[in-house]
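One point on numbering: in my numbering, the residue at position 39 of the sequence shown is 59, and numbering is uninterrupted. Heads up: the structure comes next, in structure tokens.
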Amino acid sequence: MNFETQYNQKKEWVESNLESFLPTLDVKSQTLYDAMLYSLNAGGKRIRPILLLATNEFCGGDTENAMPFACAIEYIHTYSLIHDDLPAMDDDDYRRGKPSNHKIYGEAAAILAGDGLLNSAMEMICHDIYHHMGDFKNIKNKILAAREIFTASGCKGMIGGQMADIEAEGKRVSKEHLEYIHMNKTTALIMASVRAGAFLGGAGEALLKNLTLFSKNIGLAFQITDDILDICGDEKLLGKSLGSDIKHEKTTYPSLYGIEASKEKVKALHEESYQILDRYEGTDFLKALLKRLMDRGF
Ligand code: GRG
């Protein structure tokens, strides 16, 4: 099976499960449900759940066993985008080529839809853990994966990074400060996708260490690429307006190092990631996924 077919198969698996994990709500909360579903179905690339499933598979795990975690991470990612688009944050009218959540449902519903998705992610993972109580080894791996995801999306990860990012607006921050923002705002959840997949698949310490470095590199490269694309990407392909970083006077990789040096950094991070994967058999899909991330836009 070629990469495209495998990628689409995983994407379809995730998408066919996303709605089924949403809570059944009373009709009085219909707007909340519709707003959550609108953004879940707005057409994301599903990179994080696919990374989680692919890593889990590579480490010897079962896909069905990992599915609630893959969907939980997409719920959390989707909530972060809904909140990030709000006027109080990045104030974006478009996401994934469609009107942002608050443009359709209003700000209050968009805030609650984000909150609802985050809570639903916790619910589905608790529910899954409870249903596997008898299987000690699997439960231990599931708890490690859950801790990974919720730490990375929390105050010592994505939320902390977002706060630092907002506070840095209008200021020129140091290289260390920018690294902190990138590592927490975006990289943490990408690392968690890989590390949670590794835990679920039962990876040993040495493999986990290598996959951690692999994921750190791709996470950082992902954000630097995003910084570059915000300057010279294709609005139609990206499905959002460009120039958001300049509008918010943000320090970015290109603003500190220049575009060419930023592109070189992305290349170097990807090459190091490729070399890590190349030490192992059975990494063809992950390598092709890495190439897909590398080819994103420039
Ligand atoms: C609101 C707590 C909170 C956090 C927001 C994710 C985030 C933190 C901010 C988004 C800013 C941003 C656009 C960062 C660039 C990296 C990124 C998350 C891009 C979007 O991810 P993709 O390309 O999106 O995987 P799709 O649409 O494919 O799901």
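The C-beta atom is built at its ideal place from N, Cα and C for all residues, glycine as well.
For the pair Ala-241 and Glu-225, the Cα-to-Cα distance works out to about 24 angstroms.
With a beta-carbon spacing of about 6 angstroms, His-152 and Lys-162 fall inside the 8 angstroms limit used to define contacts. Residue pairing from DSSP places Arg-115 in a beta bridge opposite Lys-118. In this structure, Leu-60 lies near Thr-98, with their beta-carbon atoms less than 8 angstroms apart. Contact between the region 84-94 and the region 230-244 is absent, with fewer than three C-beta pairs closer than 8 angstroms. For the ligand GRG, a non-hydrogen atom lies closer than 7 angstroms to the CB of Thr-206. Here the region 108-118 does not lie against the region 69-76, with fewer than 3 beta-carbon pairs under 8 angstroms apart. Ranked by Cα distance from Lys-160, the options Phe-170, Ile-149, Lys-30 are led by Ile-149. For the set Ile-96, Arg-299, Lys-270, Glu-291, the Cα lying nearest the Cα of Gly-190 is the one of Lys-270. In this structure, the straight-line span from the alpha carbon of Lys-176 to that of Leu-220 is close to 22 angstroms. In the assembly as shown, Asn-76 is a buried residue. Its beta-carbon has 16 or more other beta-carbons within 10 Å. The beta carbon of Leu-138 is closer than 8 angstroms to those of Tyr-95, Ile-96, Tyr-99, Ser-173 in its chain, skipping five residues each way along the sequence.
By the beta-carbon neighbour count (other beta carbons within 10 angstroms, threshold 16), Lys-236 is buried.
Relative to the ligand GRG, the beta carbon of Ser-261 is positioned no closer than 7 angstroms to any heavy atom. No residue range can be given for Lys-205, since it is assigned to no alpha helix (DSSP H) and is classified by DSSP as neither H nor E. Taking 8 angstroms as the cut-off, the Cβ atoms of Ile-179 and Ala-133 do not count as close.
The Cβ neighbour count for Val-214, taken over all protein chains shown within 10 Å, is at least 16; the residue is labelled buried. With 16 or more neighbouring CB atoms inside 10 Å of its own CB, Phe-78 falls in the buried class.
For Ile-210 and Gly-278, the gap between their C-alpha atoms comes out near 25 angstroms. Its Cα nearest to that of Glu-301, the residue Leu-227 stands out among Leu-227, Ile-238, Glu-280, Gly-181.
The beta carbon of Arg-299 sits no closer than 7 angstroms to any heavy atom of the ligand GRG. Pro-69 sits in a helix when the DSSP states are folded into three classes. Put simply, of Tyr-27, Gly-217, Lys-31, Glu-84 the residue whose alpha carbon is nearest the alpha carbon of Gly-63 is Lys-31.
Short note on His-103: C-beta closer than 7 angstroms to some heavy atom of the ligand GRG.
In this structure, the C-beta of Ile-179 approaches the ligand GRG to less than 7 angstroms from one of its heavy atoms.
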